[in-house]
Amino acid sequence: MSFLPCLVDNTISHCSVPPYQCAATYEEAARIVRRTLFAQPVKGLSGLVLGSLTPWAEGILLLHGATKTTTAEYSIIQAEDPRTQYVPIFDMIAKPVQHDFVFSCSSLGHDGLGRFGDPWNPNGDMETFARIHDLWLKPGGKLYLALPTGADILN
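First residue of the sequence shown? That's 97 in this note's numbering, and the numbers climb one at a time after it.
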């Protein structure tokens, strides 16, 4: 997987004009994120994106003035756009770096389920919350978090 400049620019272009849709897995989420960033800006901030296989979130964050994004992911990503950076999640755990904001959309709820290369761990989501608070988010930083809602069950 690659975060090519053209993919990031495509997201920025599509999310800049009505109907504010980008080529994301979660088109409605892209619009919600955009509205959220008007209320809680990222202008001038650099942030950590947890779990992103395509640069849809990174593009929206950059569109709204983020200076840089670092994506922590279990999968290997070639970040070829100078505005984005990739770090393997296990490196982020071993050598934590604090950020102005942390962004996670429909990713954190999967931690510990073993579906995306993460180790099976029934407390994986709670451990990630602790890492965000204790290691990855600067004091006074912003957490942008979207989680699915519904019954807490595994099939």
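Using N, Cα and C, we set each Cβ at its ideal position, and we do this for glycine too.
According to the DSSP secondary-structure assignment, K238 is paired through a beta bridge with F197. Burial check for C201: the Cβ neighbour count within 10 Å reaches 16 or more, so the residue is buried. Check the Cα spacing between T224 and each of A168, A247, P244, A153: the tightest is with A168. Per DSSP, A168 lies in no alpha helix (DSSP H); the unbroken beta strand (DSSP E) holding it starts and ends at 164-169. A226 sits exposed, since fewer than 16 C-beta atoms from the chains shown fall within 10 Å of its C-beta. S112 is bridged by DSSP to nothing; it lacks a bridge partner.
Residue range 180-184 is occupied by the beta strand (DSSP E) that includes T180.
Going by DSSP, L146 is part of no alpha helix (DSSP H) but of the beta strand (DSSP E) stretching over 142-146. The residues C111, Y116, I156, in chain order, have a CB closer than 7 Å to that of R130 in the same chain once the five nearest residues on each side in sequence are set aside.
Shown here, F134 sits in a helix according to DSSP, grouped into three states.
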